[in-house]
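Input: a single structure, listed below in structure tokens.
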Amino acid sequence: MTTLAAAPAAARAWRTLRTSRTAVLGLAVVAVHVVIAVLAPLLTSYDPIANDPAQALLGPSPEHWAGTDQYGRDVLARVLYGGRYALGVSVAATVLTVALGTVIGCAAALRGGLFDDVLGRVLDAVLSVPSVLALLVVVTALGTGPAVIVLAVAVVYVPQVVRVVRGAALAVVPADYVTAARARGEGTWSILRREILPNITDVVYVEFAMRASWVVLLISSLSFLGFGADPPTPDWGLMVAENRTAITVVPMASLAPIIALATLVVGLNLAADGLSKAWGVDRIREGS
Amino acid sequence: MLSFLARRIAAALGTLFLSSVLVFLAVQALPGDVATQVLGKDATPDAVAALRGQLGLDRPAWERYADWIAGATHGDFGTSLVSSRPVGGEVSSYLGNSALIALVTVLFAVTGSVVLGILAGLYRDRWPDHVISTAALVGMSVPEFVVATVLVLCFSVALPWFPAVVLYGPDATVGQLLPAVWLPALALAVVMAAYIVRMTRTSVIDVMAGEFVTTARLKGLSTWRVVTRHALPSALLPTLHVIALNVAWLAGGVAVVENVFNYPGIGKLMLSSVQNRDLPVIQAIALISAVVYVVCNLAADLGAMALNPRLRTRGRTR
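Taken in sequence, the protein lines are chains A and B. Count along the first sequence from 1, then add 504; that gives the number in my numbering. Count along the second sequence from 1, then add 502; that gives the number in my numbering.
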């Protein structure tokens, strides 16, 4: 049970994708979002942050497909560029959260005893504070900015990832090959990396896809509340907050970012559903 | 069973103690203490030091923590820096308004989603399941502020049935707030229901495949009786925890939705107190939310115990 070699892993991933239409659909939607975010400058000739008061609050037209907002900025351009902030910050936050949570969760399962008990209690205490409040406190203490948001999301979500990963790792810890590794005198880190981790990759991947969908939602909510992306930045949550007041005049300006946000999260959720079904990971139960 | 109960309650109290310490430490970490907040940025260091002494801020942290907790257990959370009113009274008037939303939300979300989840589970892979599962997927994929905005567009703008914003302050009566409760509650219920529907569906499918259900069927019981008497009690067991977690989640979820509707509830107070650095109010809200979380979890565990006799003798739940 050493680390999976690259070739079998790729073959296995391919098999999974061939059997799960849901996963393919979800990953395809996410891929489209990534491509749009990367190629945004090629897809629109408008500057997402350039004001043009003469063109303010226009409905959809051949020049502005999704209309313009109160500052005369092209809504479509802002939606296309908006994926950059949403995807960039979310991916960074999710990677950090899942990586930290996996290491801590595995360590808790492996060490057990007092360490596990104390950790469990502390995590429970962190979980008991509403995530929005915890996030707001971190952002207020450290100031806004993408790096702080990434850190704040990690603070809020690491405890939940730890719980899931710890549960999965506990099933592996009693296995004979772990006992054998212990008997060989291998260190915690080495057992964790070579014996435990390869056997819970499924859970970690599903957790990643699922967590990513929540992180996107949380970050967009934060932007909507005015604690996330700073105003001229094109961001979907921020756009909804800005254009909501003019919703009767230009409904498209609010609907376009909503559609972008919803399709991205539906894509992530479909991917998580598909992968968990294909690998037999109980996603819904893991989520609680 | 009694010892299990005692252990469970002791664990809950332990968690609560730890969260109160965490909350206290986190708020201490916020830049600027109460003295600098009150006197403003231009205050002389002497004045700040004098006020610190007056407020007892120069004492060690553990002493202040003990004071705060001792006060909190009597409902005394100090004085708000913004309104200069006692925090306890201020928070409780906002909390009451939020409780109204929470009550309506939980009522709608729990009954609706359990029924839908059971339907989806029983009609697995047929059209009712496809419709319900797709709706649940969409429900969990849109943030609360989006649901709220769409609801405003539909039921305040297109069809002017409900108010889009609340114009009353925290001291509004239930009668004044009642017309404004439905849209925020619906927005929260949609998001909350999505998770409960999925959980209920999965556990109904699991249970219906169980041997005891097959036995009940073979005994010749009607489908209705098999489902209601044999399958549901076991199927709802795991759902209970998801419901409890979601009720606890409401404490944070209201922050966004109340802001959309300008509803004078705890979520709006939370946001404005963070914006104004009203530290005593932040501490109080965080502590109250922690109590809600712990109580919900405890209630779910006790509920699970009532439904599942095996849990009553098992020592540890985790």
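Virtual Cβ for every residue (Gly too), placed ideally from N, Cα, C.
**Request:** Per DSSP, which residues does B:T581 bridge with? Please list them.
**Result:** For B:T581, DSSP records a beta bridge to B:P588.
**Message:** For A:V797 and A:I700, which I take to be in contact (beta-carbon distance under 8 Å), what is that distance rounded to the nearest angstrom?
**Reply:** Past the boundaries of the shown model lies residue 797 of chain A; chain A is included only from 505 to 792, so the question cannot be answered.
**Request:** Return no unless some Cβ of chain B is closer than 8 Å to the Cβ of A:I751.
**Result:** With 8 Å as the cut-off, A:I751 counts as an interface residue toward chain B.
**Prompt:** For A:G586 versus A:W740, is the C-beta distance shorter than 8 Å?
**Reply:** In this structure, A:W740 lies closer than 8 Å to A:G586 by Cβ.
**Request:** Give a yes or no on whether the minimum CB-CB distance between B:R818 and chain A is below 8 Å.
**Result:** Residue confidence is low: B:R818 scores 46 on pLDDT, short of 50, so the model does not pin down where it sits. No coordinate-derived value is stated.
**Asked** Taking 8 Å as the CB-CB cut-off, is A:I608 touching chain B?
**Response** A:I608 does not count as touching chain B.
**Item:** Proximity below 8 Å, CB of B:V467 to CB of B:V715
**Value:** The structure shown does not extend to residue 467 of chain B, since chain B is modelled only from 503 through 820, so no value can be given for it.
**Beta-carbon proximity of A:A447 to A:V579, cut-off 8 Å** = Look at the range of chain A in this structure, 505 to 792, and you will see that residue 447 of chain A is not part of it.
**Request:** Out of B:I698, B:L621, B:N764 and B:H632, state which residue places its alpha-carbon closest to the alpha-carbon of B:M821.
**Result:** Absent from the structure is residue 821 of chain B, since the part of chain B shown begins at 503 and ends at 820.
**Prompt:** When the Cα atoms are used, what is the spatial distance from A:A716 to A:V533?
**Reply:** Each residue's Cα considered, the two are about 14 Å apart.
**Prompt:** Do we get a CB-CB distance below 8 Å when we pair A:D628 with the residues of chain B?
**Reply:** A:D628 counts as touching chain B.
**Request:** Counting only the same chain and skipping the five closest in sequence on each side, list residues whose C-beta sits under 6 Å from that of B:N799.
**Result:** The residues are A746.
**Message:** Within a Cβ cutoff of 6 Å, which residues of the same chain sit near B:F519, ignoring the five residues on either side of it in sequence?
**Reply:** Around B:F519: no qualifying Cβ.
**Item:** Burial state of A:A469 (16 or more Cβ within 10 Å)
**Value:** The shown model of chain A, from 505 to 792, leaves out residue 469 of chain A, and the question about it has no answer.
**Message:** Output needed for A:A581: all residues of its chain with C-beta closer than 6 Å, excluding positions within five of it in sequence on either side, in chain order.
**Reply:** Same-chain partners within the cutoff: T548, Y550 and P552.
**Prompt:** Between the C-alpha atoms of A:A768 and A:P566, what's the straight-line distance to the nearest angstrom?
**Reply:** Looking at the sequence itself, residue 768 of chain A is Leu, so the reference to Ala does not match. Distance from the CA atom of A:L768 to the CA atom of A:P566, rounded to whole angstroms, is 26 Å.
**Item:** Buried or exposed (CB count within 10 angstroms, at least 16 for buried), B:I837
**Value:** Because residue 837 of chain B is not part of the residues shown, which for chain B are 503 to 820, the question remains open.
**Boundaries of the alpha helix (DSSP H) in which A:P663 is found, first to last residue** = Counted as a single uninterrupted DSSP element, the alpha helix (DSSP H) harbouring A:P663 occupies residues P650 to V676.
**Message:** I need the straight-line Cα distance from B:S600 to B:V758, nearest angstrom please.
**Reply:** C-alpha separation (whole angstroms): 12 Å.
**Asked** In the structure shown, what three-state DSSP assignment does A:T572 receive?
**Response** The answer is strand: DSSP assigns A:T572 an E or B state.
**Prompt:** Pick from B:R554, B:L532, B:A531 and B:V529: whose alpha carbon is nearest that of B:L541?
**Reply:** For the residues B:R554, B:L532, B:A531 and B:V529, the minimum Cα distance to B:L541 belongs to B:R554.
**Message:** Using DSSP's beta-bridge definition, name the partner residues of A:D739.
**Reply:** Bridge pairing for A:D739: absent [DSSP].
**Asked** Can you give the Cα-Cα distance for A:A515 and A:I608, rounded to whole angstroms?
**Response** The alpha-carbon atoms of A:A515 and A:I608 are separated by roughly 29 Å.
**Item:** the segment 644 to 653 of chain B in contact with the segment 735 to 752 of chain B per 3-pair CB rule at 8 Å
**Value:** Counting Cβ pairs under 8 Å, fewer than three are found: no touch.
**Asked** Can you find a C-beta in chain A that's less than 8 Å from the C-beta of B:W692?
**Response** According to the sequence displayed, residue 692 of chain B carries Val and not Trp. No, B:V692 lies away from the interface with chain A (no Cβ there is under 8 Å from its Cβ).
**Prompt:** How long is the line joining the alpha carbons of A:L508 and A:A651, rounded to whole angstroms?
**Reply:** Low local confidence applies: a pLDDT of 48 at A:L508 is under 50, so the model's placement there is unreliable, with the coordinate-based value given in what follows. Their backbone Cα atoms lie some 33 Å apart in a straight line.
**Message:** Can you find the residues in the same chain that come closer than 7 Å, C-beta to C-beta, to B:R719, ignoring five residues on each side of it along the sequence?
**Reply:** Counting only Cβ-Cβ distances below 7 Å, and skipping sequence neighbours, we find V728.
**Asked** For A:G771, is the classification buried or exposed, using 16 other Cβ atoms within 10 angstroms of its Cβ as the cut-off for buried?
**Response** Answer is buried; the Cβ neighbour count reaches 16.
**Asked** If contact means a Cβ-Cβ distance below 8 Å, which residues of the segment 616 to 649 of chain B contact chain A?
**Response** Residues passing the 8 Å Cβ filter: L639, V640, M642, S643, V644, P645, E646, F647 and V648.
**Prompt:** What residues match up with A:D578 in a beta bridge as DSSP calls it?
**Reply:** According to DSSP, A:D578 bridges with A:T572.
**Request:** Specify, as a first and last residue, the run of the alpha helix (DSSP H) that A:F793 falls within.
**Result:** Look at the range of chain A in this structure, 505 to 792, and you will see that residue 793 of chain A is not part of it.
**Prompt:** At a cut of 8 Å, does the segment 636 to 644 of chain A reach the segment 750 to 766 of chain B through at least three beta carbon pairs?
**Reply:** The count of Cβ pairs closer than 8 Å, one atom from the segment 636 to 644 of chain A and one from the segment 750 to 766 of chain B, reaches three, so the stretches are in contact.
**Prompt:** CB of B:R628 to nearest heavy atom of the ligand FAD: below 7 Å?
**Reply:** Of the ligands one can find in the structure shown there are none, so the ligand FAD has no counterpart to examine.
**Asked** What alpha helix (DSSP H) runs, 4 residues minimum, are completely inside the segment 646 to 673 of chain B?
**Response** Runs of the alpha helix (DSSP H) lying entirely within the segment 646 to 673 of chain B and spanning at least 4 residues, in chain order: 646 to 654.
**Asked** Using the beta-carbon count (16 or more within 10 Å), is A:D556 buried or exposed?
**Response** Its Cβ having fewer than 16 others within 10 Å, A:D556 is exposed.
**Request:** Compare the Cα-Cα distances from A:A596 to each of A:L742, A:A679 and A:I723 and report the closest residue.
**Result:** Measuring C-alpha to C-alpha distances from A:A596 to each of A:L742, A:A679 and A:I723 identifies A:I723 as the nearest.
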